[in-house]
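Asks:
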Amino acid sequence: MIRVSAFRWVPPFARGLVRDLRVRWALQEAGLPYEERLIGPEDQMSESYRGLQPFGQVPAYEEDGLVLFESGAIVLHVAERSEALMPSDPKRRARVTTWMFAALNTMEPRIQSLAEIDLFHAEEAWAKLRRPAAVEAANARLA
Numbered sequence: 277m278i279r280v281s282a283f284r285w286v287p288p289f290a291r292g293l294v295r296d297l298r299v300r301w302a303l304q305e306a307g308l309p310y311e312e313r314l315i316g317p318e319d320q321m322s323e324s325y326r327g328l329q330p331f332g333q334v335p336a337y338e339e340d341g342l343v344l345f346e347s348g349a350i351v352l353h354v355a356e357r358s359e360a361l362m363p364s365d366p367k368r369r370a371r372v373t374t375w376m377f378a379a380l381n382t383m384e385p386r387i388q389s390l391a392e393i394d395l396f397h398a399e400e401a402w403a404k405l406r407r408p409a410a411v412e413a414a415n416a417r418l419a
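Residues 277 to 419 (my numbering) make up the sequence shown, in order.
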């Protein structure tokens, strides 16, 4: 059985943003059953958990002796097991892989920058000045 680590609790502003969501979404789309391993702060730095996820973050993925960390790597692994996520045609596979990397490396940083401004600094003068450019950068990547 696949097991994916997730935080027992996250603050309201982080709900839906924690990266285990990517993995759980991919598993659902692929139709692969899994169970959650809910962890707390006391688990993150434990030797046993760091054996699964060396940075003490989520997610960690366990399946039949295979241990993976980093949500992008896990999603790629899951996608490769599912025609619903990763086509068998080599050219189509390459396109899917390109978009997976684009989401992680090109789109997400712009969106994350905007989210950080809105969630943590919305009332600060510098953030009010920076926000229009952050919105423009995010929209440019999503267009």
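From the three backbone atoms N, C-alpha and C, an ideal C-beta is built for every residue, glycine too.
Identify, in the order they occur along the chain, each residue of the same chain with its Cβ nearer than 8 angstroms to the Cβ of Q222, setting aside the five sequence neighbours on each side.
Replies: Outside the displayed span of the chain (277 to 419) sits residue 222, for which this structure offers no information.
Asks: So what does L344 bridge to, in DSSP terms?
Replies: In the sequence shown, counting from the first residue as 1, residue 344 sits at position 68. L344 is bridged to Y337.
Asks: Check whether the Cβ atoms of A416 and I387 sit closer than 7 angstroms, and answer yes or no.
Replies: Numbered from 1 along the sequence shown, position 140 holds the residue referred to as residue 416. Numbered from 1 along the sequence shown, position 111 holds the residue referred to as residue 387. The answer is no: Cβ separation not under 7 angstroms.
Asks: At what residues does the alpha helix (DSSP H) containing A306 begin and finish?
Replies: Residue 306 sits at position 30 when you count from the first residue of the sequence shown. Its alpha helix (DSSP H) spans residues 296-306.
Asks: If you follow the beta strand (DSSP E) that S281 is in, where does it begin and where does it stop?
Replies: Within the sequence shown, the letter at position 5 stands for residue 281. Element bounds for S281: 278-283.
Asks: My output table needs one value for R291: the three-state DSSP class, helix, strand or coil.
Replies: Locating residue 291 in the sequence shown gives position 15, counting from the first residue. The answer is coil: DSSP assigns R291 none of H, G, I, E or B.
Asks: Once the 5 residues before and after L395 are set aside, which same chain residues still bring their CB inside 7 angstroms of it?
Replies: What you label residue 395 is simply residue 119 of the sequence shown in a count that begins at 1. Answer for L395: F289, listed in chain order.
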